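With the sequence shown counted from 1, adding 24 to any position gets you our numbering. Glycine is no exception: its CB is placed at the ideal position from the N, C-alpha and C atoms. Keep in mind the model is a prediction, meaning the values are calculated, not measured. For reference, the structure discussed in these notes is given below.
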Amino acid sequence: MYSQLADHLADYLSDSASKLMRISTILTISLLLGTPIIIALWLQNVSSTPKELRNLRREGISSSNMKDQTDAKYDLPEGATTDGPIRIKAIFVHPIKSCAPVELNRAQLLKSGFCWDRCFALAIEVTRPEAEGGSIWRFISQRTKPLMSQIKTELWFRHKDSNARDPLVRTSKSHSLALYTGNPYQQPINVNNLASIHAVSALLPAENQPLNALRFRANIWITGAPAFDEETWKRYRVVPKREATVKTVSPTLSVVCRTSRCTMPNVDPLTGRFSTNIPDGDKKRGRAQPSTTLVKYRTVEGGNPKALGYIGMHCVPEDSSLDEAAEKTEGLYVQVGDGIEILERGIHWYGSTGNDY
């Protein structure tokens with residue numbers, strides 16, 4: 025099934041993505057999944073879906089839960105006392121690394137992270153005479169190709185009553201792309217706090233405000249906690265909201281470390297361009313934002329000397345929750361509106377605990 029998907033993507037990329045040079049798709053499938061999927065891509069807002077998918081259902085929501093992300097009601101300063109609940113505001117998966125995400129109201133947790141998150145990557149073939157075969161594949165991302173943020177993705181699945189005649193991808197005896205398995209993650213789940221983004225936004229030059237939270241590509245966005253409170257979490261439980269329509273096991277997650285940042289948050293996800301502030305004095309170029317501000321104000325530890333500041337937290341689902349869900353054969357899920365119960369707090373240092381999970 026994945027080899028057929030690889031061929032489908034190969035046909036598209038060879039026909040439509042010449043501007044990205046000789047792009048090939050490396051399918052870094054970290055999950056052993058059985059549900060067929062189609063990922064439809066856009067370049068320059070032109071749909072490449074080969075035909076209307078009448079027999080399939082599209083996964084995702086049309087109106088973002090983050091549309092009011094800049095509202096002042098989410099301003100909770102660092103150290104503020106709050107008595108309201110901490111809740112999940114939004115959930116995102118990124119099927120193709122560095123491409124646009126898919127926003128969900130409900131998502132399944134696996135040991136390797138959210139189902140369908142960061143399953144694929146794009147790479148270019150680079151000549152290397154010393155390498156076997158004379159070339160290597162180099163992973164590309166928004167760090168060097170910011171317009172990748174404009175490549176939109178969709179997830180399509182079977183309906184419950186679908187049958188074997190529902191076409192998903194073309195069938196071919198030739199498989200022009202190799203299928204690779206591996207783990208594309210640093211850690212499988214990234215959680216971030218909207219109040220923390222507001223706090224950083226207030227530190228930016230006026231021309232760079234407000235800061236779009238989606239620059240940070242988190243899986244889970246939470247509200248109700250003071251800015252940077254998440255940096256003290258060691259373990260937390262996701263508590264299903266009362267009106268949840270599906271009864272699920274309450275997932276417990278361990279918080280591994282802070283998220284050290286690279287240059288990708290400098291890419292505006294709305295335009296695909298790097299952001300800078302207005303140049304100082306007679307300088308021709310401004311400084312990259314928000315990285316310049318993050319380095320100045322959010323270098324809160326020295327665990328990663330190359331970090332361009334820290335914001336967000338890496339997490340992993342605990343085995344006890346996964347095992348309980350497996351016993352009940354119902355899966356482990358989180359949903360927008362679910363509550364967050366902090367079970368344990370402590371100190372984090374990047375790189376000191378990553379191998380413990």
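Cα-Cα separation, residue i to residue j
i	j	result
E154	I160	10 Å
I371	T323	15 Å
E351	L238	36 Å
G127	E178	The residue asked about is misnamed: residue 127 is Glu in this sequence, not Gly. Cα to Cα, E127 sits roughly 10 Å from E178.
R130	L346	17 Å
V263	G375	29 Å
T106	F298	36 Å
V360	Y260	16 Å
K320	R282	17 Å
V117	N89	14 Å
L332	S225	16 Å
H338	D304	36 Å
S220	P289	14 Å
S382	I335	One cannot answer for residue 382 here, as it falls past the ends of the chain, which runs 25 to 381.
R369	K307	45 Å
R167	Q211	19 Å
T295	R152	34 Å
N232	R311	11 Å
C123	I366	32 Å
K135	V340	7 Å
K121	L171	13 Å
I175	G355	30 Å
T287	S315	7 Å
V358	L146	28 Å
E149	F163	9 Å
R142	A349	23 Å
T256	V280	11 Å
G58	F181	Unreliable positioning characterises G58 in this predicted model, as indicated by a pLDDT of 39, which lies under 50. The coordinate reading is nonetheless provided below. For G58 and F181, the distance between alpha carbons rounds to 11 Å.
G137	D99	29 Å
P101	K330	27 Å
V273	K258	20 Å
E342	G158	43 Å
S87	G326	39 Å
L201	E156	Low confidence applies here, because L201 scores a pLDDT of 47, under 50, leaving its location unreliable and the question unanswered by this model.
G84	A96	27 Å
R82	N328	39 Å
A230	E254	26 Å
K91	S278	29 Å
P293	K169	12 Å
R309	W373	34 Å
T353	F144	27 Å
In DSSP terms, what residue i is bridged to
i	result
H338	N214 and C281
E83	L179
G137	L134
V224	Per DSSP, none; premise fails for V224.
Q359	R130
W257	R369
S345	DSSP output for S345 lists no bridge partner at all.
R111	T247 and G363
A312	T300
T151	S159
T276	R261
I120	F144
D292	R297
Rounded Cβ spacing between residue i and residue j (contact assumed at less than 8 Å)
i	j	result
I246	K113	6 Å
L80	H222	In fact, because the Cβ distance is near 39 Å, the residues do not count as touching under 8 Å.
T276	S344	7 Å
W140	P125	Not confirmed; about 11 Å, so no contact.
S186	V291	That pair is no contact at about 37 Å.
I110	G248	4 Å
L218	Q93	6 Å
N243	N214	5 Å
L228	T317	5 Å
P234	A104	Contact doesn't hold; Cβ gap of about 19 Å is too wide.
F240	N216	6 Å
G108	K265	Not confirmed; about 14 Å, so no contact.
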